[in-house]
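Chemist:
The structure is reproduced here in structure tokens:
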């Protein structure tokens, strides 16, 4: 069943409600990642497109992810919208790679050109700043840098990956075409900011839309899952519905979310996410009851 696409704000780009986040393809030397071999990456990346997903998010600092995308999907470039991020370097420490922020113009230019080579493309649909603070953006004229690259034709639209409290500043400034922010039923701090960004015409890309997996899955956040337990959220699940499946649909139910990037290196998990997304939003009464219960349990939404 094909996805009903959503508009990514003022860009006008039509995106599937879930996109693919490639951080799981970073390899085992970046941010305690897991090993990934070439064949494994090829299977999941082609499955992304075969499942009808048309939005792929990556970053210069995601280890080998950009190269894997280029190697396996460059021949299908007309089937997907491609977003990457800039502003984090990669420093080899021997047993691991550090990814410190770096905002000087020379590095940003050289790293972006390297991203294009890795991705085997001559343009990206969206270039995002990777988590700057407001003082970084002002000191290094980062919006001007993005606009210059946009004028070159190598970038169609510009965005920022951000979080509180910096996200509030960047939303007020109104200079970005898209915002990427964390959001899920268990992490609702940005719920109102998503609406504020959308009201300015920006597209909103959500990361962490299914949390970090259920407790015991390795990435589950015990403090966040405590909200779920206190709110008796299991009572709202459909028969046979998983917690993470419900969470995905909860995130999709936010009226101002354009797309959710979901990362996995397992094609079966990818298909499960697609099946959940194709069920669409939660019923309005279930969505409102979920928010009511979570708020009563202490899940905080920041004021916009």
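Numbering (this note's numbering), first residue to last: 2 to 305.
All residues carry an ideal CB built from backbone N, CA and C; glycine is no exception.
Fair warning: this is a prediction, and the values are worked out from it, not measured in the lab.
Check this for me: beta carbons of residue 91 and residue 127, under 8 angstroms apart or not?
Modeler: Counting from one through the chain shown, the residue named residue 91 turns up at place 90. Counting from one through the chain shown, the residue named residue 127 turns up at place 126. It is not a contact, given that the beta carbons lie outside the stated cut-off.
Chemist: Which residues does DSSP list as the beta-bridge partners of residue 21?
Modeler: Translated into the one-based positions of the chain shown, residue 21 becomes position 20. Answer by DSSP bridge pairing, in chain order: 57 and 263.
Chemist: Using only the alpha-carbon positions, how far apart do residue 160 and residue 106 sit?
Modeler: Here residue 160 refers to the residue found at position 159 when the chain shown is read from its first residue. Here residue 106 refers to the residue found at position 105 when the chain shown is read from its first residue. Rounded to the nearest angstrom, the two C-alpha atoms are 17 angstroms apart.
Chemist: Considering only their Cβ atoms, is the gap separating residue 82 from residue 14 smaller than 8 angstroms?
Modeler: Start at 1 with the first residue of the chain shown, and residue 14 comes out as number 13. Start at 1 with the first residue of the chain shown, and residue 82 comes out as number 81. Closer than 8 angstroms, so yes.
Chemist: When the Cα atoms are used, what is the spatial distance from residue 3 to residue 51?
Modeler: Here residue 3 is taken as the residue at index 2 of the chain shown, counted from 1. Here residue 51 is taken as the residue at index 50 of the chain shown, counted from 1. If you draw a straight line from the Cα of residue 3 to the Cα of residue 51, it comes to about 11 angstroms.
Chemist: Among the candidates 35, 194, 5 and 30, whose CA atom is the shortest distance from the CA of residue 264?
Modeler: The residue you call residue 264 lines up with position 263 of the chain shown. Comparing Cα positions, the closest option is 35.
Chemist: Could you tell me the distance, in whole angstroms, from the CA atom of residue 137 to the CA atom of residue 103?
Modeler: Working through the chain shown from its first residue, we reach residue 137 at position 136. Working through the chain shown from its first residue, we reach residue 103 at position 102. For residue 137 and residue 103, the distance between alpha carbons rounds to 9 angstroms.
Chemist: Check whether the region 234 to 242 and the region 199 to 210 touch, using three or more Cβ-Cβ pairs below 8 angstroms as the test.
Modeler: No, the region 234 to 242 is not in contact with the region 199 to 210.
Chemist: What do you reckon, are the CB atoms on residue 69 and residue 26 nearer than 8 angstroms?
Modeler: By one-based count along the chain shown, residue 69 stands at place 68. By one-based count along the chain shown, residue 26 stands at place 25. Contact flag set, yes.
Chemist: If you reduce the DSSP assignment to three classes, tell me which class residue 303 lands in.
Modeler: Numbered from its first residue, the chain shown carries residue 303 at position 302. For residue 303, the secondary structure class from DSSP, reduced to helix, strand or coil, is coil.
Chemist: Using DSSP's beta-bridge definition, name the partner residues of residue 130.
Modeler: Taking the chain shown and counting its residues from 1, one reaches residue 130 at position 129. Its beta-bridge partners are 87 and 161.
Chemist: Given a cut-off of 8 angstroms, decide if residue 61 and residue 112 are closer than it, judged by their beta-carbon atoms.
Modeler: As a working mapping, residue 112 is identified with position 111 in the chain shown. As a working mapping, residue 61 is identified with position 60 in the chain shown. Against a cut-off of 8 angstroms, the Cβ pair of residue 61 and residue 112 comes out as a contact.
Chemist: Could you pull the DSSP bridge partners for residue 206 from this structure?
Modeler: Position 205 of the chain shown holds residue 206. Answer is 181 and 260, bridged to residue 206.
Chemist: Is it buried or exposed, residue 306, if we count other Cβ atoms within 10 angstroms and call 16 or more buried?
Modeler: Coverage of the chain is limited to positions 2 through 305, which leaves residue 306 absent and any answer about it impossible.
Chemist: For the alpha helix (DSSP H) that contains residue 31, what are its first and last residues?
Modeler: Taking the chain shown and counting its residues from 1, one reaches residue 31 at position 30. Here residue 31 belongs to no alpha helix (DSSP H), and DSSP marks it neither H nor E.
Chemist: Since residue 146 is in the alpha helix (DSSP H), which residue starts that stretch and which ends it?
Modeler: Locating residue 146 in the chain shown gives position 145, counting from the first residue. Its alpha helix (DSSP H) spans residues 143 to 153.
Chemist: Rounded to whole angstroms, what's the CA-CA distance from residue 11 to residue 76? Just pull it up for me.
Modeler: One-based indexing of the chain shown puts residue 11 at position 10. One-based indexing of the chain shown puts residue 76 at position 75. Taking the straight line joining both Cα atoms gives about 28 angstroms.
Chemist: Taking C-alpha atoms, which residue in 278, 287, 141 and 155 lies nearest to residue 123?
Modeler: As a first step, residue 123 is located in the chain shown; it is residue number 122 there, counting from the start. Looking at the Cα atoms, 155 is the closest of the given residues.
Chemist: Is it buried or exposed, residue 40, if we count other Cβ atoms within 10 angstroms and call 16 or more buried?
Modeler: As a position in the chain shown, residue 40 is number 39, starting the count at 1. Its Cβ having fewer than 16 others within 10 Å, residue 40 is exposed.
Chemist: For the alpha helix (DSSP H) holding residue 252, just list the boundary residues, first then last.
Modeler: Indexing the chain shown from 1 puts residue 252 at position 251. It spans 244 to 253 - the alpha helix (DSSP H) in which residue 252 sits, taken as one unbroken run.
Chemist: Check each candidate in 134, 194, 203 and 291 and name the one with the smallest Cα separation from residue 303.
Modeler: One-based indexing of the chain shown puts residue 303 at position 302. For residue 303, the nearest C-alpha among the options comes from 194.
Chemist: Can you tell me whether residue 16 is helix, strand or coil according to DSSP?
Modeler: Counting from one through the chain shown, the residue named residue 16 turns up at place 15. Here residue 16 sits in strand by DSSP.
Chemist: Per the DSSP calculation, residue 8 is bridged to which residue(s)?
Modeler: The residue labelled residue 8 in the question sits at position 7 within the chain shown. According to DSSP, which records beta bridges pairwise, residue 8 is partnered with 15.
Chemist: How would you call residue 205, buried or exposed, if buried means at least 16 neighbouring beta carbons within 10 angstroms?
Modeler: If you number the chain shown from 1, residue 205 lands on position 204. With 16 or more other Cβ atoms from the protein chains shown falling within 10 Å of its own Cβ, residue 205 counts as buried.
Chemist: Give me the residue from 151, 177 and 152 with the minimum Cα distance to residue 1.
Modeler: Residue 1 is absent from the structure shown; the chain starts at 2 and stops at 305.
Chemist: If distances are taken between C-alpha atoms only, which option among 38, 132, 23 and 229 comes closest to residue 297?
Modeler: The sequence position of residue 297 within the chain shown is 296, counting from 1. Of the candidates 38, 132, 23 and 229, 229 places its Cα closest to the Cα of residue 297.
Chemist: When we look at the beta-carbon of residue 271 and count the other beta-carbons within 10 Å, is it buried (16 or more) or exposed?
Modeler: Taking the first residue of the chain shown as position 1, residue 271 is located at position 270. Answer is buried; the Cβ neighbour count reaches 16.
Chemist: Taking the alpha-carbon of residue 168 as reference, which of 187, 130 and 141 has the nearest alpha-carbon?
Modeler: The residue given as residue 168 occupies position 167 in the chain shown. For residue 168, the nearest C-alpha among the options comes from 130.
Chemist: Closest to residue 45 by CA distance: which of 274, 280, 293 and 289 is it?
Modeler: The residue you call residue 45 lines up with position 44 of the chain shown. Ranking 274, 280, 293 and 289 by Cα distance to residue 45 puts 274 first.
Chemist: Can you list, in chain order, the residues of its chain with a C-beta nearer than 7 angstroms to that of residue 29? Leave out the 5 residues immediately preceding and following it.
Modeler: Numbered from its first residue, the chain shown carries residue 29 at position 28. Setting aside the 5 residues that flank it on each side, residue 29 is surrounded in the same chain by 35 and 36, each with a C-beta closer than 7 angstroms to its C-beta; the list follows chain order.
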